[in-house]
Every structure is written in C-alpha cells, then in structure tokens.
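**Q** For the sequence shown, the numbering used here begins at 7 and goes up steadily by one.
Quick one: this structure, given as structure tokens, is what I'll be asking you about.
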Amino acid sequence: RAAKAISDELGLDEYYAELLPEDKVRVLGELQQKYGRTAMVGDGVNDAPALATADLGIAIGGAGSDVAIETADVVLMSAEVRKLSYAIGLSRATVRNMKQNIYFALVVAGLLLAGVLVKTVNLSFGMLIHELSVFLVIVNAVRLLSYGSRGRSRREVLG
7 RAAKAISDEL GLDEYYAELL PEDKVRVLGE LQQKYGRTAM VGDGVNDAPA
57 LATADLGIAI GGAGSDVAIE TADVVLMSAE VRKLSYAIGL SRATVRNMKQ
107 NIYFALVVAG LLLAGVLVKT VNLSFGMLIH ELSVFLVIVN AVRLLSYGSR
157 GRSRREVLG
C-alpha cells in the first residue's frame, strides 16, 4: 500500500513492492540497463543492497535503519517524499552556482594575468580587482540561502 500511495502521489507510471533484497537489486539493474541512471528510495535493512547499487540511494526518514542510512547517498530526515524534489532542486541550484563562480573566477584571473603580462595591471590594482571578484563570488553563493523561499516561506518549503 505504501508503494502505491507514494507512486500515486508522485504520478509514477509503475512501481515495485514487496520484493526481496536480491529482487530489488535485480530490478534496479534492469532499470539501469533500460534507462541509465537510477535512484532508489528506501528505509530498511532490506533496502540497503539496492541503495548501494543505485546511482543515487536515498534513505527516507531519520528513523530508518542504520544500515539504510549508512548505505544511502542522501538521507531525508522526514518521511515526506515531496521534500525530495526540494533537495534535488537545491542540489541543481548549488551546482549551477558553483559553475557560475568558477567561470567568473577563471575569467577574472585570466584577465588579470593578461593585464600583468602586457604590463597594464600593477600589483595593487590587481589585488583590488581580485578581492572585489572574491566578494562577488561570495555574494553570488549567499543567494542560495534564499533558495525555496521565493514565493513561499522557508518553513513551508522545509516543513
């Protein structure tokens, strides 16, 4: 019943329930061959082998078994599956933010290096520009603190 309820809540086309641990690993392997990357959500000892096999293992609920929590890549501290989409969105936003910061830092460093090589940038000006760029990187990263609060309060998003 739980698998069907979660499947219905998430609008999934199919789900698997009441499988033995080795059956979970087998089904997961088949899904990996068919679709590529996979995620497995579980909370018990019987889920640990499949959590380890999946590309992304997610233990649900802080009250899950220690083995499932240790094996999983991600542990959701609440049994609310909806929070998984929040975690995925935040992860994507974090990676996007990191890429922005890395590219920006590389461009600034490249421009400063070019300026030094053609002798248009002196030490003090170069340090000033570098420190300003570090400040901008920090400000850009701090934007992640408001993730999810756009249009909704953090309490609504995080529960």
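Every residue, glycine too, gets a C-beta built ideally from N, C-alpha and C.
All of these numbers come straight from a predicted model, not from anything done at the bench.
1) Mapping DSSP to helix, strand and coil, what is V80?
2) Tell me whether the stretch 58-66 and the stretch 22-39 touch, counting them as touching only if at least three CB pairs, one residue from each stretch, are closer than 8 Å.
3) Identify, in the order they occur along the chain, each residue of the same chain with its Cβ nearer than 6 Å to the Cβ of I12, setting aside the five sequence neighbours on each side.
4) Between which two residues does the beta strand (DSSP E) harbouring V47 extend?
5) Under three-state DSSP, which class holds G154?
6) Identify which residue in L16, A93, S84 and A65 has its Cα closest to the Cα of A78.
7) Please classify L26: does DSSP put it in a helix, a strand, or coil?
8) Output the distance between the C-alpha atoms of G157 and L82, rounded to the nearest integer angstrom.
9) Using a 10 Å radius around the Cβ and a threshold of 16 neighbouring Cβ atoms, would you call R160 buried or exposed?
**A** So, from the listed chains and residues:
1) strand
2) yes
3) V87
4) A45 to G48
5) coil
6) A65
7) coil
8) Any reading at G157 needs caution, since the residue's pLDDT is 46, under 50, leaving its predicted position unreliable; the model's value is listed next. Distance between the alpha carbons of G157 and L82 is about 23 Å.
9) Bear in mind that the predicted position of R160 carries a pLDDT of just 47, short of 50, making it unreliable; the figure below should be weighed with that in mind. R160 is exposed by the Cβ-count criterion.
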